[in-house]
Amino acid sequence: MTKNASPGRGGTRAEQISKLGELSVRSRREGDVHTIGLAGEVDIATAAQVEQELLRAEATDVTAIVLDLGELSFIDSTGIRMLVMADARSRANGCRLTLRRPPQSVLRVLRLAGVEKLLPFADTG
Numbered sequence: 586m587t588k589n590a591s592p593g594r595g596g597t598r599a600e601q602i603s604k605l606g607e608l609s610v611r612s613r614r615e616g617d618v619h620t621i622g623l624a625g626e627v628d629i630a631t632a633a634q635v636e637q638e639l640l641r642a643e644a645t646d647v648t649a650i651v652l653d654l655g656e657l658s659f660i661d662s663t664g665i666r667m668l669v670m671a672d673a674r675s676r677a678n679g680c681r682l683t684l685r686r687p688p689q690s691v692l693r694v695l696r697l698a699g700v701e702k703l704l705p706f707a708d709t710g
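Per our numbering, the sequence shown starts with residue 586, numbered consecutively.
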C-alpha cells in the first residue's frame with residue numbers, strides 16, 4: 586500500500602487515491618441487530634464502501650446497527666463525515682446506530698475533530 590503517492594508518479598490521481606486505503610468489511614445479522622465490522626482504513630478511497638454497507642443494513646427491518654471499529658487503524662475527514670451522516674440518518678429513521686470499540690488512535694482523531702461526544706459510542710474505555 587502506498588500512502589505517499591504524488592501526482593506525476595505512478596498513474597492518474599484516481600489510481601493514486603484508490604491506493605490510499607485498504608479496508609476489510611464484515612457484515613452479519615443476528616436477529617434484529619446488524620453488525621458491520623471494519624478493519625483497516627476509512628478514508629477518501631474506502632468511505633463509500635462503508636456507506637454502501639450501512640445503507641444496505643438500513644434498508645432492512647433491523648432495529649439496531651452496530652459499527653464495530655475495533656480493528657480500524659485510520660480515519661480521515663471523509664470517514665468522519667460518513668459516520669456523522671450515518672448517525673443523522675439513524676436518528677431520523679429510528680434505527681439505532683452504535684459505534685463499538687474504537688481504538689485510541691481513531692478515538693483521538695474523532696476527539697480532535699470535535700465529534701466524539703456527538704456520536705453514539707459504546708465500549709470507549
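Where is the CB? At the ideal position from N, CA and C, for every residue including glycine.
It should be emphasised that the depicted structure is a prediction, and the values quoted were computed from it without experimental measurement.
Return the chain-ordered list of same chain residues with a C-beta closer than 6 Å to the C-beta of residue 660, the five sequence neighbours on each side being excluded. The beta carbon of residue 660 sits closer than 6 Å to the beta carbons of 627, 691 and 694 from its chain, once the five residues preceding and following it are set aside; these are given in chain order.
Among 652, 671 and 619, whose alpha-carbon lies nearest the alpha-carbon of residue 717? For the chain, the structure presents residues 586 to 710; residue 717 sits outside this window and is missing.
Only counting runs of 3 or more residues, tell me where the beta strand (DSSP E) segments fall wholly within the region 620-673, in order along the chain. The qualifying runs are 649-660.
Just to confirm the assignment, what range does the alpha helix (DSSP H) spanning residue 694 have? 689-697
Out of 641, 701, 649 and 706, which has the shortest C-alpha to C-alpha gap to residue 617? 649
Confirm, please, whether the CB-CB distance from residue 668 to residue 624 is below 9 Å. Going by C-beta atoms, residue 624 is not nearer than 9 Å to residue 668.
Under 9 Å between the Cβ atoms of residue 643 and residue 675? yes
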